[in-house]
Amino acid sequence: MKFGKRLASEALRRHTDHYFDYKAIKKAIKDDIDSTDANGTHFQAVLVGELQKVSQYYSSKAELLERTLASLRKDHSQELEELRSDVQELIKFVALNYLAVVKAIKKRNRHLKVASQLLEEYQCPVCLDTLHNPVVLTCAHRFCWGCLVAHCTAHRDITLPIGKKDTSVAAPATSYRVLEQIACCNDPDIPEFYPCPVCRKPQILDIDTLQGKMTVLLDLDGTLVSSFTPKRAPRLPAYIKTHVVGLGSKLNPQGVFVVERPGLNDFLTTLAAFAEVIIYTAGLEDYAKPIIDAIDPTNSLFAGRIYREGTLRTEYYQCVKDMARVNRDLTRTVLVDDTPLAFLHQPCNGIPVLGFRGDPDDRLLMEAVLPLLQVLATEPDIKPVLHRRFDMRNWFKRHGFPVDAIEKAALKAAFEERERHMAQATARSSF
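According to full-length UniProt numbering, the sequence shown holds residues 1 to 431 in order.
Dropping the structure here:
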């Protein structure tokens with residue numbers, strides 16, 4: 001039995017209003033989680049108030065019992081029996097309230113520990129505030145752009161060694177990505193180094209040695225862009241990037257009006273620097289290809305494109321994006337999609353995002369999705385992090401999907417399909 005129900009059933013009716021309000025404390029914990037308050041301000045306020053209420057009532061009852069006991073004579077057996085009953089009730093009152101406080105604190109610690117971890121991941125170590133225009137260094141520490149500018153301007157060092165290597169020779173300009181945008185070099189031939197404010201490691205990255213990039217699969221409609229018929233195109237500020245694509249196509253002869261999610265180009269450019277980026281859309285190629293071409297006209301941001309033909313039609317959803325069939329390591333593959341059912345076959349590999357419907361004030365890509373992907377890029381296995389953050393497996397279960405059986409069947413089907421393709425390839429090569 002849940003403790004809240006136990007408290008309600010065992011509490012004596014005449015003391016009901018004076019018991020610890022367990023329902024109120026649970027609501028306070030929820031408020032702290034919703035506001036990402038790792039200090040538990042709401043919880044602390046309700047806890048203090050409830051303890052004061054219980055303590056005052058207990059003190060008044062104890063004083064009353066002492067006065068009653070002092071006034072009784074030995075031959076007043078009936079009064080003594082009533083007094084014994086009152087004492088037993090007070091003992092039970094204390095015991096139940098003690099349990100309520102212990103349970104409440106344990107619940108608070110369990111739930112707000114997650115909130116504290118979440119807040120920590122989005123906190124700048126310099127200003128101790130939520131990350132604004134986040135920058136991730138090669139040591140994986142994250143900072144606000146402005147905080148890092150100030151730090152690196154004050155701590156520029158052109159002689160800082162990397163390990164035991166001699167830094168007197170200028171590094172190849174194409175090989176090193178240095179934080180040169182945040183401070184001017186006195187000598188362009190000498191590389192400058194900037195120590196991380198947290199770990200003090202010099203920040204210089206040899207991009208030629210990068211291996212094992214994370215694979216990021218991106219949905220198109222509702223995640224990166226929003227599309228409309230030209231007649232229904234919304235009025236948008238001039239700074240919002242839009243396109244009209246697909247004019248004269250069989251699917252949309254009048255074309256499609258496409259609105260880019262704010263910050264899309266910066267998001268993709270930054271992401272492509274540390275991850276393999278692949279578009280994975282449920283849209284038909286005739287519809288989606290012109291949109292992707294408009295987003296990436298130089299064909300430099302996306303490593304690949306998967307259209308509707310690459311999705312699976314199942315009894316639960318008509319366009320499941322089975323990541324096991326993309327032929328990538330699932331410990332380093334993630335799908336960003338505004339439709340959770342798209343990653344039903346791999347619930348711990350998905351990032352659910354709010355759908356984009358043309359809101360010019362949307363900031364999701366740069367302020368939420370990119371920082372999370374930057375964190376995942378440093379993890380050997382992204383699944384535990386995403387499970388802790390979103391717990392999509394339980395989300396699917398709560399919505400009636402037998403996710404364990406679905407995931408097991410999907411892995412088996414993907415394995416059998418790979419075996420079939422290998423057998424066919426072997427048979428063709430033998431002729």
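Backbone N, C-alpha and C fix where the C-beta goes; we use that ideal spot for every residue, glycine too.
1. Can the beta-carbon of Lys213 be found less than 8 Å from the beta-carbon of Tyr280?
2. Figure out for me which residue from Ala377, Pro234, Tyr307 and Glu260 has the closest Cα to the Cα of Ala273.
3. Leaving out the 5 sequence neighbours to the left and right, which residues in its chain are closer than 6 Å to Gly246 when beta-carbon positions are compared?
4. Quick one: is Ile406 buried, meaning 16 or more other Cβ sit within 10 Å of its Cβ, or exposed?
5. For Leu354, is the classification buried or exposed, using 16 other Cβ atoms within 10 angstroms of its Cβ as the cut-off for buried?
6. List the endpoints of the continuous alpha helix (DSSP H) containing Gly49.
7. Are the CB atoms of Ser249 and Glu296 within a distance shorter than 8 Å?
8. Quick one, are the C-beta atoms of Met366 and Gly263 less than 8 Å apart?
9. Is it right to say Ser60 is buried, meaning 16 or more other beta carbons lie within 10 angstroms of its own, or is it exposed?
10. Expressed to the nearest angstrom, what Euclidean distance is found between the alpha-carbon atoms of Leu284 and Asp293?
11. Once the 5 residues before and after Leu268 are set aside, which same chain residues still bring their CB inside 7 Å of it?
12. Entirely within the stretch 200 to 284 and at least 3 residues each: give me those beta strand (DSSP E) ranges in chain order.
13. Which word fits Asn349, buried or exposed, when buried means at least 16 other C-beta atoms lie within 10 angstroms of its C-beta?
14. For my contact list, Ala414 and Arg325 are in at a C-beta cut-off of 8 Å; report their separation, rounded to the angstrom.
15. Nearest to Cys144 by alpha carbon, out of Pro352, Asp361 and Pro371?
16. Among the residues of its own chain, which have a CB less than 7 Å from the CB of Thr311, if the five just before and after it don't count?
17. Please state the DSSP three-state secondary structure of Ala368.
18. Taking the beta strand (DSSP E) that Asp337 falls in, what are its first and last residues?
19. Whether or not the stretch 47 to 66 and the stretch 15 to 31 are in contact is what I'm after, with contact meaning three or more pairs of Cβ atoms, one per stretch, closer than 8 Å; do they touch?
20. CB-CB under 7 Å to Cys127, same chain, minus the five flanking residues each way: which ones, in chain order?
21. Beta strand (DSSP E) containing Pro384: first to last residue?
22. What residues are listed by DSSP as bridge partners for Pro352?
23. Can you tell me the Cβ-Cβ gap for Asp221 and Asp337, rounded? I've got them flagged as a contact below 8 Å.
24. Compare the C-alpha of Tyr316 against each of Gly304, Ala368 and His399 and name the closest.
25. From this set, Glu416, Arg308, Ala95 and Leu69, which residue's C-alpha is nearest Arg84's C-alpha?
26. Give the straight-line distance between the Cα atoms of Pro172 and Phe343, rounded to the nearest whole angstrom.
27. Please go through the same chain and pick out, in chain order, the residues whose beta-carbon is closer than 6 Å to the beta-carbon of Glu379, but skip the five residues on each side of it.
28. Would you identify the three-state DSSP class for Phe143, choosing helix, strand or coil?
29. Please say whether Leu236 and Thr242 have beta carbons closer to each other than 8 Å?
30. If you drop the 5 nearest sequence neighbours on each side, which residues of the same chain put their C-beta closer than 7 Å to that of Ala303?
31. How close, in whole Å, do the beta carbons of Leu96 and Glu10 come, if the pair is a contact with beta carbons under 8 Å?
According to the data block:
1. Not in contact: Lys213 and Tyr280 (Cβ atoms no closer than 8 Å).
2. It is Ala377 whose Cα lies nearest to the Cα of Ala273.
3. Only Asn252, Gly255, Val256 and Pro290 meet the Cβ criterion.
4. Ile406 counts as buried, since no fewer than 16 other beta carbons sit within 10 angstroms of its beta carbon.
5. Its Cβ having fewer than 16 others within 10 Å, Leu354 is exposed.
6. Thr41 to Ser71 is the span of the alpha helix (DSSP H), which, as asked, contains Gly49.
7. The sequence shown places Asp at residue 296, not Glu. Not a contact, by the Cβ cut-off of 8 Å.
8. Cβ atoms of Met366 and Gly263: closer than 8 Å.
9. So Ser60 ends up on the exposed side.
10. C-alpha separation (whole angstroms): 14 Å.
11. Cβ within range, chain order: Val277 and Leu301.
12. The qualifying runs are 204 to 206, 214 to 218, 225 to 228, 242 to 247, 254 to 260 and 275 to 280.
13. Only buried fits Asn349, as 16 or more other CB atoms lie within 10 angstroms of its CB.
14. Indeed they touch by this definition, with Cβ atoms about 5 Å apart.
15. Of Pro352, Asp361 and Pro371, the smallest CA-CA separation from Cys144 is found for Pro371.
16. Result list for Thr311: Ala282, Cys319, Val320 and Lys321, in chain order.
17. Here Ala368 carries a helix assignment [DSSP, helix/strand/coil].
18. Note, Asp337: beta strand (DSSP E), Thr333 to Asp337.
19. Judged by Cβ distances under 8 Å, the stretch 15 to 31 makes contact with the stretch 47 to 66, as three or more pairs qualify.
20. In chain order, Cys144 and Cys147 place their CB closer than 7 Å to the CB of Cys127, counting only its own chain and leaving out the 5 sequence neighbours on each side.
21. In the DSSP assignment, Pro384 falls outside any beta strand (DSSP E) and within the unbroken alpha helix (DSSP H) covering Ile382 to Phe390.
22. For Pro352, DSSP records a beta bridge to Asp337.
23. Asp221 to Asp337, Cβ: 10 Å. No contact.
24. The candidate whose alpha carbon is nearest that of Tyr316 is His399.
25. Ranking the options by Cα distance to Arg84, first place goes to Leu69.
26. For Pro172, the predicted model reports a pLDDT of 37, less than 50, meaning its position is unreliable; a value from the coordinates is still stated below. Between Pro172 and Phe343, the C-alpha separation is close to 42 Å.
27. Within the same chain, and ignoring the five residues on either side of Glu379 in sequence, the residues whose Cβ sits closer than 6 Å to its Cβ are Val385.
28. Of the three classes helix, strand and coil, the one that applies to Phe143 here is strand, per DSSP.
29. Result yes, Cβ atoms of Thr242 and Leu236 sit closer than 8 Å.
30. The residues are Glu276, Val277 and Ile278.
31. The Cβ separation is near 6 Å, so the contact holds.
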